[in-house]
Amino acid sequence: MASQEIEALSSALARLPGLGPRSARRAVLWLVKHRETALPALLEALAGVAETLVECATCGNVDTSDPCRI
-14 MASQEIEALS
-4 SALARLPGLG
6 PRSARRAVLW
16 LVKHRETALP
26 ALLEALAGVA
36 ETLVECATCG
46 NVDTSDPCRI
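Numbering follows the numbering used here, in which position 8 of the sequence shown is assigned residue number -7; successive positions increment by one, without gaps.
In structure tokens:
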């Protein structure tokens, strides 16, 4: 039986467009297997996106500034 952490991450990934429950679970198991090389880069990229990207109030584009450069 998988741990609660694996199930929680699988469930979160399965909510992304294009990823179903089986694909999400495969991705999680791959990440666990390659945690030392893949996880730090993924976590850094996710943190960067969370900190710097915003949705443009004018057009809805995702950019680093609001209003965006479009």
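All C-beta atoms, glycine included, are put in the ideal place defined by N, C-alpha and C.
Contact set for residue i: own chain, Cβ-Cβ below 7 Å, skip 5 residues either direction
i: C44; result: C53, I55
i: M(-14); result: Caution is warranted here: a pLDDT of 49 is assigned to M(-14), below 50, making its placement in the model unreliable, and the coordinate value is therefore given only provisionally. Cβ within range, chain order: n/a, list empty.
i: L28; result: none
i: E40; result: V47
Own chain residues within Cβ distance below 8 Å of residue i, not counting five before or after
i: L143; result: Limits of the chain in this structure are -14 at one end and 55 at the other, which puts residue 143 out of reach.
Candidates the options, of which the one nearest residue i by Cα
i: V13; options: A30, C41, A42, S(-12); result: S(-12)
Anticipated Cβ contact below 8 Å, residue i with residue j, distance rounded
i: A23; j: L31; result: Their Cβ separation, rounded to whole angstroms, is 12 Å, which puts A23 and L31 out of contact at 8 Å.
Backbone CA spacing between residue i and residue j [nearest angstrom]
i: L(-2); j: R7; result: 10 Å
i: G3; j: R10; result: 13 Å
i: L(-10); j: S(-4); result: In the sequence as displayed, the identity of residue -10 is Glu instead of Leu. The straight-line gap from Cα to Cα measures roughly 10 Å.
Nonlocal neighbours in the same chain, by C-beta distance under 6 Å from residue i, ignoring five residues either side
i: V34; result: none
In chain order, each alpha helix (DSSP H) run of at least 4 residues that lies wholly inside the region 5 to 52: 6 to 18, 20 to 37
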